[in-house]
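These notes concern the structure reproduced below.
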Amino acid sequence: MRHLLASAALIALVSTAGSAAGPKLTSAQRDATHAMFEHIIDIPTVIGRHNVPEEAQYVADQFKAGGFPAEDIHVLPYHTESATTGADETAALIVRWRAAGPTSKKPILLMGHMDVVEAKVEDSTTDPFKMVERDGYYYGRGTIDMKDGITAITQAMINLKAAGFRPKRDIVVLFTGDEETNGIGARKGATEWLDLLGHPEYGLNADGGGCGLNVDGSLAGCGMQTAEKTFAGYTFTVRNRGGHSSKPRKDNAIYSLAHALDKLEAYRFTPKLNETTRAYFTAKAAMDKTALGDAERKWLAHPNDGEAADFIEASESEVGLTRTRCVPTRLFGGHADNALPQLATAMINCRIFPGEDPNAVKAELETLVNDPTVVVTRNDDYVASLASPLRPDVTAAFTVAVHALHPGMPIFPEMSTGASDARPFRVAGIPIYGTNGAWVQVPTDFRAHGKDERIPVQSLYDNVVHWQLMLKDLAGK
Amino acid sequence: MRRLVAIALALCSTSAIAATDPRTVPTRLSSEWQAKTRELFKQAIEIPSVHNRGETHRVAELLAGQFRTAGIPDSDIHIMPYEALPGDNTVALIVRWRSPHATKKPMLILGHMDVVEAKRSDWKYDPFVFREEGGYFYGRGTSDMKNGDVATTMAAVKLISEGFKPDRDIIFFYSGDEETRGVGATLGSTKWRNLTDAEFGLNADGGCPSYDEQFRPLGCGISMAEKTFQTYFFTTHNPGGHSSRPRPDNAIYDLADALKKVQAYRFQPMQNEVTRAYFAERAKQEGNSQLGQEIRAWLANPNDGKAADAIEANPLEVGFTRTRCVATMLQAGHADNALPQSATATVNCRIFPGVQPTDVQAELQKLVGPNVEVKPDPNYIGVPTPASPLRPDVLAAVTSAVHKVVDPRMDIYPEMSTGASDGSFFRAQGIPVYDIDGSWGISPIDERAHGLDERIPVRAMYDDVLYWEMIIRSLAG
C-alpha cells in the first residue's frame, strides 16, 4: 500500500529551477536500471498468479551478478492466504551486505514489496503488465507502488559495490511478496526471519516517503513516513426474533443498526498529537497562511482545542491525521424480502491513532452505540501500531539526499493513514522510516492501485541516486 | 405465506374458570391416522423446498404418491414444471378428485409447497430436520404451510379410504413459489385454468383459530380480502474511495437516515367493508377495554387518526388500519477497506386494498428525498385485488368444523389478510378465495412463520386432518 504525500498541492512554495539538479547516473547505470525495471514491471505479481517467486529469483540474480555472495542471498518461498484476498504461493527475498570490518552496530534494514495490486487490461489504456514509455513517463502496474523502490534499492547497492563502497555496518534487504494483501511476509520478517535479518536497529522502507512537484513545477514537498495508523475491523451485529413482514415489530434489527450507524456518523474520537504529527503540522503551519494554517497553529499551541482539530480533520487534505477514524464499509441484513430481519450487520473499518489499543476502540464504540442489542466484535487480532521516534541521523540523511536532487524542497514527517509492512516491525520495537526518493507530479500522478499507474522517467533514475546517497551517509560512517 | 392471527382477548374477564391448555387436550384422530399424518409431515418438512434449491418437485411427488396410492388415477394427477424467479425451476401439483355424479361446479383447495429460507446458523436446531418436542412439531414449514398440504392431502386420502364420494369435483392445487413470485398461482388462475376452474377456492395457507397465552380462544378470522404485496429497493450512491480517508458523505449513512424516516413514518389510516366488519366484531369482544374504546371511536369517526394510531400500535392489530412498510434486508459496500459506492435496503410494503403501488412509491420517495433512489422490485409488481363476497355455505362449514374439532367457543368473523397469498391471483381472475385452514396456535408465541424455530402444536396438526375432512364433507357431500 503506497503512501503518497497528502499535503501537497495546498502549500504555497518557492519555485525551483527544476528537479534533478544534482548527481546523475552514468548511461550504463541508466541502462541497467531501465532493463531491471522493465523486466519486473512485466511480471504480473498479483495475488493468485504465482509470479512473485519468479521475480524474487530475478532480483536475487541481479544481486549475484553485482558481486554479492550467494550465501548472503535467500529466496524464501511462503504461503499467503486469507478469506477475503485469496491465496498464493509467494516468496520473499533477503540479501545481506556485510560490513567490511567488525562493528558493534546492528544492521540497517531496507524494505520493499514485490507484489502489486490487480490491474485489468480492459481497465487500462495499454497492457498494465507491459511497460511502455510515453510522454516522459514509464507506464505499468507497480511503477510507483512499488517496483520503483525495488529497482532503486537493488541498483543503488550494485552501483555502490561496483564503486568500491564498503559499508561500516551490515545492510540487509527484505523484499516481501504479499504486502498488498495479507502481510504475512512482513510478519515472518519481524519474527521467524529476524535472525536472518540480523536483528536490525531500524529500517528504511521504500514503500513510504516520496516527493511531490506541483503541476506548475513548484516543489510540494517530500514526506518521511515515521508512523502509521493501526488497521482494525469491527462488526456491529444486531439479532432479532424476526417474523412476518406483514406484521412489523416495534424492534427491528435493521432499524437498530441504522440508529447505531447514525451515532457513529456523528461521533468524533478525541484528537491526538504525537511526535510525528506535531512535526508534520508544524512544518505545514509554517508555510500555510490560510484558515487551515491558522487552525493548525491554534491546535499546536493548544492541543485541547478540539474545535481547531475538528476544522483540520474536516479538511480534505488532512482527513485521518488528527485522530482515530472509523467508517462503515459494508452492510448485510435479512434473509427474505417478506420476513423481518433476524440479523443485520455492519462492517466498521477503523484506522486507529498509533499507540491506541484496538480493544480500547472496541470499548469506545460500545459506549458510543449504547444499545445492548447491538453487539460490537473485532474482526482481526491486530495490535496497536507504534510511531517510530524521529531519529536525527535518518532525518538528516533523508534531508541531505532530497536536497541534493531538489534544493529547497520542504520535508515533512508523516503519519500514514493506511497500513504497510512496517507495522509488525514497529510492534516488535524496530523503528521504520518511509524514505523513498521517487517524485511525482501531484495530484495527477497519484495512481497507485488505480488506472494507468506511472512514474516520470527521470524520477526512476533520481531514486537510485537518492538511495545511494542515503546508504553512503547512514552506513558509511 | 402464512396469515397471522390478529384477534385477541376475546372473552369476558369475569370468567373464573381456570382455562385448559388446548395443547394438552387429546386429538380425536385415530392413532393409525396420526402415524400416517406424522410420517407424511416428517417427509415433507425434511425436503428443503426453498427457492433455487430445486427440491420442490420432491414435495409434489410425495403428495402425488399419496393421492395415487389412495386411488386417484394418474390421468388426474399433474405435476406442472415452471420457472419462478429467474433460474428457479419449480413445479405445481394439480390433482382432480372426480365426483361420480357431480351436481355442483368444482371446488378448489389451495396450498403451496415451497418454504421461506431458513439458515442453520440462525436456528437452535436444523430447520430441515423434523423434531417433536414439548407438544410441538418443529421445522421450517410446520406452520407455513406444509401442515396445510399434509392436512388437505391426508383428509382426502382418509375420505377416499372410507368410501366417501364427493358431489362435486375437488381440485387440489399446490404451487411451488408462493413465497417468492407467485408464478404458479398466476399460471394456475390463467393458463392452467382448464385444470383448475372452480366455483370458489379454499386456501389452506394459514390457520385461522388461535388462543392467547392464558388459553382463551381468540376466534377465527376468515380472510376474504388482502393487502397488496410490493417490495421496493432503496438505493444510495457515492463515489466511494479509500476507507482510511472517510468522506463527509457516505452511502451507508445516507441509507441509514432514510431507514430511520421509514421507521418513524405512518401512512394514512383507512377502512373498507371487510375491516369494518372485522373491527365491529373486535369491538364486541373487547368490550370496554382500552382497545375496545379506541376501535369504537375509530368506527364512529374514520377520521379519528389518533384512535387509528392507537389501534395500529397494539400488537394484535398491526397492519389492519393502513398500509405498512418495513425494512427487511440490507446490502452495501464491496470491500472492508473501501468506502461504499452503493447501499441498498429492501423495504417490504403491505398496501391497503385499492391503493396503487405506484402511489406508495411516490409517497416513500417524498419521505426520503431525492438522494435516495426508490424503485419497485421488478420481479414482482403488485396488483390490487377485490375482496371475495362472504358465502354463507363456507361460513357455516367453517363454523361447524372449528366448533367441533377445535373449540366451541371460537368466534368466526371476516378478516383482511395483511399478507399476500396465492389466493390473490385467483381472486384477481374471478374465483373467490377463502383462507380457512383449521390449524391453531398460541398467539403470539407460536407466530413464527418465516422466523426462527417455526412450530405447530402436535394436536393442531392432527386435528387439522379432521377439520378438512369435515369441510370437504360439508361443502362437497
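Line by line, the protein sequences are chains A and B.
With the first letter of the first sequence counted as 1, position 214 gets the number 214 in the working numbering; the numbers rise by one all the way through.
With the first letter of the second sequence counted as 1, position 291 gets the number 768 in the working numbering; the numbers rise by one all the way through.
Even for Gly, the Cβ is constructed at its ideal location relative to N, Cα and C.
Where Thr533 of chain B is concerned, there is no enclosing beta strand (DSSP E), although the alpha helix (DSSP H) around it starts and stops at 533-547. A distance below 7 Å between beta-carbons, with the five flanking residues on each side excluded, links Ser526 of chain B to the following residues of its chain, in chain order: Glu532, Thr533, Val536, Met590, Asp591, Val592. Sixteen is the threshold: when 16 or more other Cβ atoms of the shown chains lie within 10 Å of the Cβ of Thr514 of chain B, as they do, the residue is buried. In the displayed model, Ser576 of chain B falls within coil according to three-state DSSP, outside both helix and strand. Interface flag for Arg799 of chain B against chain A is unset, since no Cβ pair is found closer than 7 Å.
The C-beta distance from Leu540 of chain B to Leu587 of chain B rounds to 13 Å, too long to fall under 8 Å, and the pair is not in contact. Taking 8 Å as the upper bound for CB-CB distance, Val634 of chain B and Gln543 of chain B are in contact here, some 5 Å apart. Chain B places a beta carbon closer than 7 Å to that of Arg325 of chain A, counting this residue as a contact. Buried is the label assigned to Glu703 of chain B, since at least 16 other Cβ atoms lie within 10 Å of its Cβ. Residues of chain B with a Cβ closer than 9 Å to the Cβ of Ser420 of chain A do not exist, since the nearest Cβ in that chain sits about 11 Å away. Close to Gly896 of chain B, with beta-carbon spacing below 9 Å, are these residues of chain A in chain order: His244, Ser245, Ser246, Lys247, Asn338.
Only exposed fits Arg505 of chain B, as fewer than 16 other CB atoms lie within 10 angstroms of its CB. Looking at the DSSP output, Val376 of chain A shares a beta bridge with A:Phe236. By alpha-carbon distance to Tyr137 of chain A, the top candidate from A:Lys229, A:Ala336, A:Ile312, A:Glu453 is A:Glu453. In the three-state reduction of the DSSP assignment, Gly306 of chain A falls in the helix class.
By the Cβ neighbour-count rule, Lys229 of chain A is buried, with 16 or more other Cβ atoms within 10 Å of its own. If you check the CB distance, Tyr433 of chain A and Thr226 of chain A come in under 7 Å. Looking from the CA of Val910 of chain B, the closest CA among B:Asn680, B:Ser951, B:Val739 belongs to B:Asn680. A residue is called buried when at least 16 other Cβ atoms come within 10 angstroms of its Cβ; Thr125 of chain A does not meet this threshold and is exposed. Minimum Cα-Cα distance from Ala32 of chain A among the listed residues A:Val442, A:Ala156, A:Thr143 corresponds to A:Ala156. Close to Glu265 of chain A, with beta-carbon spacing below 9 Å, are these residues of chain B in chain order: Asn727, Ile729, Tyr730, Ala733, Asp734. For a cut-off of 8 Å, the C-beta gap from Gly625 of chain B to Asp553 of chain B is around 21 Å, too long to register as a contact.
Under the three-pair Cβ rule at 8 Å, the region 171-178 of chain A counts as touching the region 110-124 of chain A. The Cβ of Ala804 of chain B sits closer than 7 Å to at least one Cβ of chain A. What Asp262 of chain A touches in chain B, judged by beta-carbon distance under 9 Å, is Tyr730, Ala733, Asp734, Lys737, going in chain order. The alpha carbon of Ile455 of chain A has as its nearest neighbour, out of A:Tyr255, A:Asn304, A:Cys211, A:Lys250, the alpha carbon of A:Cys211.
Sequence-distant partners of Ala628 of chain B (beyond 5 residues in either direction) whose C-beta falls short of 6 Å from its own C-beta, in its chain, are Asp941, Val942, Trp945. When DSSP states are grouped into helix, strand and coil, Pro853 of chain B belongs to the strand group. In the DSSP secondary-structure assignment, Gln441 of chain A is bridged to A:Leu213.
Distance from the Cα of Ser576 of chain B is smallest, within the candidate group B:Cys826, B:Ile549, B:Asp689, B:Val795, for B:Ile549.
Against Thr417 of chain A, the close residues of chain B are Ser721, Arg722, in the order they occur along the chain (beta-carbon pairs closer than 7 Å). Assignment of Met157 of chain A by DSSP, reduced to helix, strand and coil, places it in the helix class. Counting other Cβ atoms within 10 Å of its Cβ, Glu924 of chain B reaches 16 or more and is therefore classed as buried. Residues of chain B whose Cβ lies closer than 8 Å to the Cβ of Phe281 of chain A do not exist; the shortest such Cβ separation is about 17 Å. A Cβ-Cβ separation of about 44 Å leaves Asn791 of chain B out of contact with Ser720 of chain B under the 8 Å criterion. If you check the CB distance, Gly177 of chain A and Val369 of chain A do not come in under 7 Å.
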